[in-house]
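Under my numbering, the first residue of the sequence shown carries the number 138, and numbering increases by one thereafter.
The beta-carbon is built from N, C-alpha and C at its ideal position, and this holds for glycine as well.
In this text, all values refer to a predicted model and were calculated from it rather than measured experimentally.
The structure appears below as structure tokens.
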Amino acid sequence: MDGTCYKSPVKTTVNAPKNTLERLFTTALSHLKYGVLTVTFPSGNIYCFKGTQNQASENLLSADMTLHSWSVVSRILQDGDIGLGESYMKDEWQTSDLTALLHLLAENMEQGETLLPALSGLRILDKIRLFLNRNSRKGSQKNIAHHYDLGNDFYELWLDDSMTYSAALYTEPDMTLKAAQTEKYRQIAEKIGITSGDHILEIGCGWGGFAEFILQEYDCRITGLTLSKQQLAYARSRLEKCGLADRADLRLQDYRDTQGCFDHIVSIEMLEAVGEEYWPTFFNKIRTLLKPEGQVAIQVITLQDHRFERYRNRLDFIQKYIFPGGLLPSDARFQNVRQASGLDLTGQHSFGQDYARTLKAWRHSFSAARDKIKAMGFSKNFIRMWLFYLSYCEAGFQQKNIDVKHYFLAHPPTSPEMNGGGKS
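The following block contains the structure:
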């Protein structure tokens, strides 16, 4: 191969395609719109596909893929992103830059859905899986445990020292991940106006990073909710070590079972785990728990509005392997449910590219810790699954198929359903 690419498709070797799978795949990729993709097939044939709508640019996306087995092609044709991820887990293909490849594929997502009908199909087994992963009280506990109870030691290997597992907010080009996570916490606290004596509810307190921050910075109290036993034990222990436990009430509790009135409510990347059918319940519960002058901060990953209808009815790689029961709202869907609950939107901020940077930092740390993760008993398939997941998400934010936002909410000025009064 001489490294030269032409309008798709160009076969840079001389052998004819050896089977139907190669012909099907090259036909599909011949309609690539953006970027340059080089694919090496098990037959030895190498094709270089150049997007039909490429613009002259130094930032032209370029990626490569070497297929070790024909089963890769059949998996992708049949199961789309799930097939791509599963075959990567099994080491059936390789690439010099996984994130770059997934970014290129994300750029061509709509074209891929048109050219490969199997990618937009939803098998009956996937429908059953979606139903079984519903976020009832019992289902939520099971779904959360699947991801967050892998072991605190596992997450300590690649998260920063604050043990924060959500998008950081970078305000300086040379900011460390930990500093950016702290800045995120600071901006949330300042935006909702935490003051001395406030009682904060955090729905989805994780390993206690936000709780530790506000208890150190403010003379306030916090009630934190989680469904992960391992997270709860870790968070309680860290606050005890810091001498902050006397102002914290951390619970293994579903948000639906929480009672009381709170000055402010914070939820950082927990709404994604609620499930669409329970979004109204979530927002209505927030409304009933929030004091009249209180503020709400919700950090959530969102999907482009025009992709939501198709996305909500199919199972993707993340839902099957990483976050069972998870579903991202679109901005429009978020606003519809929020408005129906009677809460006002007081502000919002988008910082999706900061999430791409956060994921890149996690991916590098995870990759550097591969031997230690393997020594903990995790399989090669598991490690490759996580690398695919981190790159998959990073590419999605790079391409802007997904975003992350801060939404700030409050009761309307004359809401008839305001609760309580005064500080508790």
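Check	Outcome
Local Cβ density within 10 Å of Thr157, reported as buried at 16 or more and exposed below that	exposed
Beta carbon of Ile359 nearer than 8 Å to that of Ala434	no
Residues near Phe515 by beta carbon distance below 6 Å, same chain, minus five either side	none
CB contact flag (Leu524, Leu496, <8 Å)	no
Residue burial classification, Thr301 (beta-carbon count within 10 angstroms, cutoff 16)	buried
Meets three-Cβ-pair contact criterion under 8 Å: the region 420–440 and the region 342–358	no
Enclosing alpha helix (DSSP H) for Phe471 [first to last residue]	Asp468 to Ser478
Helix, strand or coil at Gly220 according to DSSP, with G and I counted as helix	helix
Opening and closing residue of the beta strand (DSSP E) in which Ala200 lies	Ser199 to Leu204
Other residues of its chain near Leu221: CB distance less than 6 Å, five sequence neighbours each side excluded	Ile213
Length-filtered (3 minimum) beta strand (DSSP E) runs lying within the region 481–552	481–487 and 539–547
Rounded C-alpha distance that separates Tyr529 from Gln436	20 Å
Thr308 versus Thr483: straight-line alpha-carbon distance, rounded	22 Å
Cβ-heavy atom distance, Ala372 to the ligand SAM, below 7 Å	The model on display carries no ligand, and the ligand SAM is accordingly not part of it.
Glu223 beta carbon less than 8 Å from that of Ser206	no
Among Ile459, Phe534, Arg475 and Ala498, the one whose alpha carbon lies nearest that of Ile219	Ile459
Beta-carbon proximity check, Glu244 vs Leu198, cutoff 8 Å	yes
Residues that Leu387 bridges to, as DSSP identifies them	Gly361
Separation of Gly217 from Val176, as counted between CA atoms	17 Å
CA-to-CA distance, Pro429 to Tyr492, given in whole angstroms	33 Å
Residues sharing a beta bridge with His168, DSSP	Note: His168 sits in no beta bridge, so no partner.
Cβ contact check for the region 334–352 and the region 371–387: 3 or more pairs under 8 Å	yes
Spatial distance of Cys357 from Cys398 (CA atoms)	15 Å
Spatially closest choice to Glu349 from Pro549, Gln367 and Tyr371, by CA coordinates	Tyr371
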